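Participant: This structure is in structure tokens; I'll ask about it shortly.
Residue numbers (this note's numbering): 9 to 221.
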């Protein structure tokens, strides 16, 4: 098995798992190396295309920082509120009955981001804070309004399994609200650190609650 010896988190392990599933489904010879390499390239290309789809919905880390600088400058200049909701997938339940095909994290994230984008105002936008955490930035939004929006969005995102290629994928999304405070967040990097730390603390509380339950 080509997957043997690879670390669980290794990108190629997921790719090979998908290739093996495809070969089994199509009744192909698993010893045909040329076909294996051909299929590996196809799976990797599909993953790259999926990542491009994310770029159409969410801003990169670099652009997120640039846009946050603009949002902060505007909030300071006009004395308006600035809030955000940091999101991450914190739990994936056991796979529901389906065709057994593996679903990539990129596909899951893309669907979640699309659902989120459709439920935000046109003036709001989504950016990546890091590889596992993204933020919906809500300009001119008070803390109370942000908490109400977070509750509404999380309820909607977690209400039903998402569907990818007709396959139901149960996921849970966690969200934490932040509100810009010039004393706590003198610059963009401080705001991002604050958002990340708040989300880590919130996720830790959720895990403790899960363990207790």
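C-beta: ideal position from N, C-alpha, C; glycine also. These numbers come from a predicted model, not from an experiment.
Can you give me the C-alpha to C-alpha distance between residue 152 and residue 164, rounded to a whole angstrom?
Facilitator: 19 angstroms
Participant: Relative to the C-alpha of residue 113, which residue among 193, 196 and 179 is closest?
Facilitator: 179
Participant: Keeping to the same chain, check which residues put their C-beta closer than 7 angstroms to that of residue 203; ignore five residues upstream and five downstream.
Facilitator: 92, 94, 137, 143 and 186
Participant: Considering just the uninterrupted stretch of the beta strand (DSSP E) at residue 190, what are its terminal residues?
Facilitator: Here residue 190 belongs to no beta strand (DSSP E), and DSSP marks it neither H nor E.
Participant: Have a look at 207, 188 and 128 and flag the residue whose alpha-carbon is nearest the alpha-carbon of residue 84.
Facilitator: 188
Participant: Report the rounded CA-to-CA distance for residue 111 versus residue 171, giving the unit in angstroms.
Facilitator: 10 angstroms
Participant: Give me the Cβ distance between residue 145 and residue 120, rounded to the nearest whole Å; I'm assuming they're in contact under 8 angstroms.
Facilitator: That pair is no contact at about 17 angstroms.
Participant: Who are the near neighbours of residue 207 in its chain, counting only those whose CB is closer than 7 angstroms to its CB and skipping five residues on each side?
Facilitator: 94, 96, 141 and 184
Participant: Give me the Cα-Cα distance between residue 131 and residue 176, rounded to the nearest whole angstrom.
Facilitator: 31 angstroms
Participant: Over what stretch of residues does the alpha helix (DSSP H) that includes residue 84 continue unbroken?
Facilitator: 69-86
Participant: Under a Cβ-count criterion, where at least 16 other Cβ atoms within 10 Å of its own Cβ denotes burial, should residue 124 be classed as buried or exposed?
Facilitator: buried
Participant: Using 8 angstroms as the threshold, is the C-beta distance between residue 76 and residue 196 below it?
Facilitator: yes
Participant: Leaving out five residues on either side along the sequence, give the residues of the same chain with a beta carbon under 8 angstroms from the beta carbon of residue 181.
Facilitator: 95, 96, 97, 98, 120, 162, 165 and 166
Participant: Using CA coordinates, which residue listed in 174, 155, 198 and 133 is at the minimum distance from residue 116?
Facilitator: 174
Participant: Quick one: what's residue 143 bridged to in DSSP?
Facilitator: 94 and 135
Participant: What is the DSSP secondary structure of residue 120, counted as helix, strand or coil?
Facilitator: helix
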